[in-house]
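Chemist: Okay, handing you the structure first.
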Amino acid sequence: MHPIALDHVLTVLGAAVWSPDEQSRARVAAGLALTVYDGHTRDQGTPYLEHPLAVVTLLRTEIGVRQPETLLLALLHDALEVAPESEALLVHHLGGPFTARLRSMTADHRLEQRPKSVGDETRWRAKQAALPPEDLLVRLADRLHNLRDLAASPNLDRRRRFLQTLGVFHLPLADAARDLGPHLETMHARLHAEYVRHIQEVRP
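Have a look at this one:
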């Protein structure tokens, strides 16, 4: 398997049509993504970077997102989850406000590098419910790609918990947010349809 190159990340972002300043920022973000996700794999055994790249692709090709900062957020949305120690690096290169957005999209126990404890799930749901529209869009795109990729996960308990949380929390959250803009309306429709399809396929 060939390593993912920086030029490939820039192509997935669609950065060729961005302004010079945006392209420069994209190169920095792409380099950070290659560094932060390096050595990490998903439970399917695939390189972790493939997931955020898929989320970027989903947002661009299916939802119609063109805002560079939203796509860069999607690229690095799991950076603090897999490598919380990279926060200072992200602040230095991409700024405090951008990194703060990443923190708001990351569960507290991940940021604090500790096991999940009582109350963490409630706090995590509250953080997600409080996200502004663009950040919520990225989080829902993450959920949609994870749902599509769920069959490849060898962890049956994780699959069960994912579907349960999606049904009782993320789908209602997406439904409540769909009037906030056309991107969120499209995302809600895609997420709901994919969830129904998945449930129908796994039903005996």
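Each residue of the sequence shown is one higher than the last, beginning at 1 in full-length UniProt numbering. Just so it is clear, CB atoms sit at the ideal spot from N, CA and C, and this is done for glycine as well.
With DSSP as the reference, identify every bridge partner of Thr41, one or two as the case may be.
Modeler: Bridge partners of Thr41: Pro47.
Chemist: With a cut-off of 8 Å, do at least 3 Cβ pairs link the segment 134-142 to the segment 169-188?
Modeler: They touch, by the three-pair rule.
Chemist: For the putative contact between Thr57 and Val17, defined by C-beta atoms under 8 Å, what is the C-beta separation to the nearest angstrom?
Modeler: About 16 Å; that fails the 8 Å criterion.
Chemist: Name the residue from Thr35, Ala107, Ala79 whose alpha carbon lies nearest to the alpha carbon of Ala130.
Modeler: Ranking Thr35, Ala107, Ala79 by Cα distance to Ala130 puts Ala107 first.
Chemist: Can you tell me which of Pro20, Arg27, Glu22 puts its alpha carbon nearest to the alpha carbon of Asp7?
Modeler: Of Pro20, Arg27, Glu22, the residue nearest in Cα terms is Arg27.
Chemist: Cβ of His51 within 8 Å of Cβ of His145?
Modeler: Yes, these two residues count as a Cβ contact at 8 Å.
Chemist: Given this structure, state the Cα-to-Cα distance separating Ile63 from Phe98, to the nearest angstrom.
Modeler: Roughly 22 Å separates the two Cα atoms.
Chemist: Mind listing, in chain order, the continuous alpha helix (DSSP H) runs of no fewer than 4 residues lying wholly within the UniProt domain "HD/PDEase" (44-156)?
Modeler: Qualifying alpha helix (DSSP H) stretches, in chain order: 50-58, 68-75, 79-82, 87-94, 96-104, 108-111, 120-129, 133-148.
Chemist: Look up Ser19 in the DSSP assignment and say whether it is helix, strand or coil.
Modeler: Reduced to three states, the DSSP call for Ser19 is coil.
Chemist: Can you tell which of Val9, Val65, Tyr37 has its C-alpha closest to the C-alpha of Gly181?
Modeler: Checked all of Val9, Val65, Tyr37; the closest Cα to Gly181 is Val65.
Chemist: Is Gly31 helix, strand or coil by DSSP?
Modeler: Gly31: helix per DSSP, three-state reduction.
Chemist: Could you give the DSSP three-state label for Ala5: helix, strand or coil?
Modeler: It is coil, neither helix nor strand.
Chemist: How many Å lie between His92 and Arg25 at the Cα?
Modeler: So the two alpha carbons sit approximately 12 Å from each other.
Chemist: Quick test of the definition: if touching needs 3 or more C-beta pairs under 8 Å, does the segment 144-163 touch the segment 186-196?
Modeler: Contact holds: three or more Cβ-Cβ distances are below 8 Å.
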